[in-house]
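*Asks:* Those protein sequence lines, which keep their order, are chains A and B. Residue 109 in full-length UniProt numbering sits at position 109 of the first sequence, with consecutive numbering throughout. Residue 73 in full-length UniProt numbering sits at position 73 of the second sequence, with consecutive numbering throughout. Backbone N, C-alpha and C define an ideal beta-carbon position, used for all residues, glycine too. Every value quoted in this text rests on a predicted model; they were computed, and no experiment measured them. The structure is given below, and queries will be raised subsequently.
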Amino acid sequence: MNLPKEFRYSDEHEWVKQEGGNKVRIGITDFAQSELGDIVFVELPEVGDELEANSPFGSVESVKTVSELYAPVSGKVVEINEDLEDSPENVNTAPYEGGWMVVVEMTDDAGLEKLMDADKYQAMVSED
Amino acid sequence: MSKMEEAKNLARAASIYREMKEWRIIDESFENATPLSYAMEEAIGEAVAHGKAPATLRIWQGPQGLVVAKKDIRTRSGMDAALMMKGVDWPVYVRQSGGTAVPHGPGTLNLSLFLPRPKESAWTIDDIYRMLGYPLMKMAKAILGLDSYFGEVPGSFCDGRYNVVIQGKKVVGTSQVWKGGPAGLSSKRPGYVLAHATLLVHTDREQAVSALNAFYEMAEGDRPVYIDTVATLASFSSLQGEELERAVRKGLVEAIQDLTGGADLFATASADEIDKAPTYLDHCQPQHYQK
Numbered sequence: 001m002n003l004p005k006e007f008r009y010s011d012e013h014e015w016v017k018q019e020g021g022n023k024v025r026i027g028i029t030d031f032a033q034s035e036l037g038d039i040v041f042v043e044l045p046e047v048g049d050e051l052e053a054n055s056p057f058g059s060v061e062s063v064k065t066v067s068e069l070y071a072p073v074s075g076k077v078v079e080i081n082e083d084l085e086d087s088p089e090n091v092n093t094a095p096y097e098g099g100w101m102v103v104v105e106m107t108d109d110a111g112l113e114k115l116m117d118a119d120k121y122q123a124m125v126s127e128d
Numbered sequence: 001m002s003k004m005e006e007a008k009n010l011a012r013a014a015s016i017y018r019e020m021k022e023w024r025i026i027d028e029s030f031e032n033a034t035p036l037s038y039a040m041e042e043a044i045g046e047a048v049a050h051g052k053a054p055a056t057l058r059i060w061q062g063p064q065g066l067v068v069a070k071k072d073i074r075t076r077s078g079m080d081a082a083l084m085m086k087g088v089d090w091p092v093y094v095r096q097s098g099g100t101a102v103p104h105g106p107g108t109l110n111l112s113l114f115l116p117r118p119k120e121s122a123w124t125i126d127d128i129y130r131m132l133g134y135p136l137m138k139m140a141k142a143i144l145g146l147d148s149y150f151g152e153v154p155g156s157f158c159d160g161r162y163n164v165v166i167q168g169k170k171v172v173g174t175s176q177v178w179k180g181g182p183a184g185l186s187s188k189r190p191g192y193v194l195a196h197a198t199l200l201v202h203t204d205r206e207q208a209v210s211a212l213n214a215f216y217e218m219a220e221g222d223r224p225v226y227i228d229t230v231a232t233l234a235s236f237s238s239l240q241g242e243e244l245e246r247a248v249r250k251g252l253v254e255a256i257q258d259l260t261g262g263a264d265l266f267a268t269a270s271a272d273e274i275d276k277a278p279t280y281l282d283h284c285q286p287q288h289y290q291k
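Dropping the structure here:
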């Protein structure tokens, strides 16, 4: 399983990459995208929207089903990946790069502490 | 997939039905078909997610219209197409599940399956589709003596691997959504799985296909649905119209009771579900998703 060591992970299978300051980039893990199948649509919030940790912030539609996305941290959306509008398959082909979803300016960075490191996430997935 | 493998998969679907201790069947008449019929889907789902209602199978009809996924109205042209269809008495409603547009209204029947999201990844996306399709297949065999199977039918509306197909023609389209986290994976949050099927019982096939193609022609510049790929149950049956519809409803209820080991037959949506449905009504309207 491809899991960048420097990222944090949520129990809803999202990755969080610190971008400097209070900003983090968010997407879904390689494991999640492989389980969901070919992604055909990503519903994202708008720039300026406030996200609340552990609340839904969008959805991904694969050829089989739609899944709700949960915010791993609280904060304001400062950037969304507009390329996913025309190329949702980037979530499958490059989940940690071109398949990123949103950049969030966190309200505070305490939420990051609650997320898992790569080893813990790996262990959680292995238990399933 | 071999017949033996498919039989094994259906047996697994049947075993999941039996694993659930409590079921209810909500069988709604067409007189109740209003836009609120769509909002009820979320109201029931939330009740199931929070343990206020048991696992549920809902047999229902919507008012005449096209029911689309969010991606179909994400563009300006998609919104324009929705507006245009409203003007020709085929209003567009938005569902939470995926796929492409499906015709609703007189002559169609919907089956919705609601399950509380398991805390562990006990069920797969494929399990859920088979649970949804199984009672429809049992009904087709029992009422009409017809063999049916899961399969893709290129050129049909909302095509997918879990269409229910009879003699090469699509009669049922299916879709699903997982609330509370990624589909098929573990989640500690309360959530629900909703799988939805639309069955063409005796709908006017030409009108329905024409409406679907009119929508997509304006939304995407394409007419993707071919009439020869779809069939109604009426085309295989000596029963017609309301008589056929009654037989199908009865067959579905019997199939569900058989699979569940005796679901609560006389259930209705709870007062809480009915009260909450209007709060989800805007989720069913295209303008809610306009940016």
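Considering only DSSP beta bridges, list what Tyr192/B is partnered with.
*Replies:* Tyr192/B pairs with Pro116/B, Lys179/B.
*Asks:* Would the beta-carbon of Ala47/B fall within 8 Å of that of Asp204/B?
*Replies:* Contact: no.
*Asks:* What distance in whole Å lies between the Cβ atoms of Gly180/B and Glu68/A, which are believed to be in contact at a cut-off of 8 Å?
*Replies:* Contact flag correct, Cβ pair sits at about 6 Å.
*Asks:* Short check: CB of Gly98/A to CB of Asn92/A, under 8 Å?
*Replies:* No, the Cβ-Cβ distance between Gly98/A and Asn92/A is not below 8 Å.
*Asks:* Between the alpha carbons of Ala183/B and Ala39/B, how many angstroms are there, rounded?
*Replies:* Computed Cα separation, rounded: 22 Å.
*Asks:* For the pair the segment 129–148 of chain B and the segment 20–31 of chain B, tell me if three or more CB-CB distances fall below 8 Å.
*Replies:* Contact fails: fewer than three Cβ-Cβ distances are below 8 Å.
*Asks:* Out of Gly221/B, Gly173/B, Lys188/B, Gly251/B, which has the shortest C-alpha to C-alpha gap to Thr229/B?
*Replies:* When each option's Cα is compared against that of Thr229/B, the closest is Gly173/B.
*Asks:* Take Val165/B as the anchor and find which of Tyr134/B, Leu252/B, Val193/B, Arg12/B has the nearest alpha-carbon.
*Replies:* Comparing Cα positions, the closest option is Tyr134/B.
*Asks:* Are the beta-carbon atoms belonging to Leu233/B and Val171/B less than 8 Å from one another?
*Replies:* Taking 8 Å as the Cβ cut-off, Leu233/B and Val171/B qualify as a contacting pair.
*Asks:* So if DSSP puts Leu69/A in a beta bridge, which residue, or which two residues, is it bridged to?
*Replies:* For Leu69/A, which the question treats as bridged, DSSP gives the partners Gly58/A.
*Asks:* Could you give the first and the last residue of the continuous beta strand (DSSP E) run that contains Leu66/B?
*Replies:* Leu66/B -> beta strand (DSSP E) spans 65–68.
*Asks:* Give every residue of the same chain whose Cβ lies closer than 7 Å to the Cβ of Glu105/A, excluding the five residues on either side of it in the sequence, and list them in chain order.
*Replies:* The residues are Asn22, Lys23, Gly75, Lys76, Val78.
*Asks:* Grab the span of the alpha helix (DSSP H) containing Val248/B for me, first residue to last.
*Replies:* Start and end: 241–260.
*Asks:* Taking its Cβ as the centre, do 16 or more other Cβ atoms sit within 10 Å of Thr56/B, making it buried, or is it exposed?
*Replies:* It is buried - the Cβ of Thr56/B has at least 16 other Cβ atoms within 10 Å.
*Asks:* Does any C-beta atom of chain A lie closer than 8 Å to the C-beta of Trp178/B?
*Replies:* Yes, because at least one Cβ of chain A sits closer than 8 Å to the Cβ of Trp178/B.
*Asks:* At a Cβ cut of 9 Å, what residues of the segment 107–120 of chain B count as close to chain A, listed as they run along the chain?
*Replies:* Listed by position, the residues of the segment 107–120 of chain B near chain A (Cβ gap below 9 Å) are Glu120.
*Asks:* Scan the segment 165–192 of chain B for residues whose Cβ lies nearer than 9 Å to a Cβ of chain A and list them as they occur along the chain.
*Replies:* Cβ contacts with chain A come from Ser175, Gln176, Val177, Trp178, Lys179, Gly180, Gly181, Pro182, Ala183, Gly184, Leu185, Ser186, Ser187, Lys188, Arg189, Gly191.
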